[in-house]
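> The structure under discussion is supplied below as structure tokens; questions concerning it will follow.
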Amino acid sequence: MSLLNPVPSAELGTKYTHYGWFLGLVPVYLADVDSDAPVVVERNWVPEWYSWAVEALFGLFCWAASLVIPNFEPMFSMLVTGEIKQ
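Count the sequence shown with numbering that gives the first Met the number 0 and you get residues 0 to 85, in order.
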């Protein structure tokens, strides 16, 4: 979604019910937070390439950590900071 393709305001509070942070660096909207795979999109003013860059750096970190620690299990850090109110 992001800067060039923003989330419609009609979907905020209905489809996307929460907001938070991805890896503490990318502000996001979240849907289906109670599921095993929540839907995550960048907030409206964040460029999409920024989340790709942060995810790529995290992937590089996980790759390097798995070389040093063979049983390393990466987990995506998603911080839910609040519920979107209508």
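Virtual Cβ for every residue (Gly too), placed ideally from N, Cα, C.
#1: Bridge partners for W87 per DSSP, in chain order?
#2: Give me the Cα-Cα distance between L22 and A63, rounded to the nearest whole angstrom.
#3: With a 10 Å radius around its C-beta and 16 neighbouring C-beta atoms as the bar for buried, classify V40 as buried or exposed.
#4: Between the C-alpha atoms of V27 and Y18, what's the straight-line distance to the nearest angstrom?
#5: Please state the DSSP three-state secondary structure of L59.
#6: Assuming V38 is part of the beta strand (DSSP E), what are its boundary residues?
Put simply:
#1: There is simply no residue 87 to check, as the chain begins at 0 and stops at 85 in what is shown.
#2: As a working mapping, residue 22 is identified with position 23 in the sequence shown. As a working mapping, residue 63 is identified with position 64 in the sequence shown. Between L22 and A63, the C-alpha separation is close to 17 Å.
#3: Taking the sequence shown and counting its residues from 1, the one referred to as residue 40 is at position 41. Its Cβ being crowded by 16 or more others within 10 Å, V40 is buried.
#4: Within the sequence shown, the letter at position 28 stands for residue 27. Within the sequence shown, the letter at position 19 stands for residue 18. Looking at the two C-alpha atoms, the distance is approximately 6 Å.
#5: Along the sequence shown, one-based indexing puts residue 59 at 60. DSSP places L59 in helix when its eight states are reduced to three.
#6: Walking along the sequence shown from the start, residue 38 turns up at place 39. In the DSSP annotation of this structure, the continuous segment of the beta strand (DSSP E) that includes V38 starts and ends at 38-41.
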